[in-house]
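Just so we're aligned: 0 in my numbering is position 5 of the sequence shown, and the numbers increase by one with no gaps anywhere. Working notes, structure below.
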Amino acid sequence: MAEIQGKRKVREGVVVSDKMNKTVVVAVESLVKHPIYGRRMRRTKRYKAHDEDNRCRTGDRVRIEETRPLSKEKNWRVIEILGHQKD
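See below:
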């Protein structure tokens, strides 16, 4: 019998680079608590995500989802464009 697998991780971020073919770099911001002082700090992590149709542009707000490894550094794919950059 097939078991139900867990849900995939989903993140929202901003496209900071679209120079590669079918790949975008998405910066995701998170708030983490300092282990000693308790102050909340902003941390930014950059993920390479697969963009099959090359629709994303720099500045777009996107939602990405974890997937199987597509290359050495690419384990995410763009599932939705939430908003386009205004020119």
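Quick reminder that beta carbons are idealized off the backbone N, C-alpha and C, glycines included.
Query, Result
"Length of the line joining the Cα atoms of residue 24 and residue 6", "9 Å"
"Close beta carbons around residue 75, own chain, < 8 Å, minus the five adjacent residues each side", "57 and 58"
"Backbone CA spacing between residue 45 and residue 80 [nearest angstrom]", "19 Å"
"Sequence-distant residues of the same chain with beta carbon closer than 8 Å to residue 53, five excluded per side", "10, 11, 12, 13 and 80"
"For residue 17 and residue 47, believed in contact at Cβ under 8 Å, the rounded distance", "6 Å"
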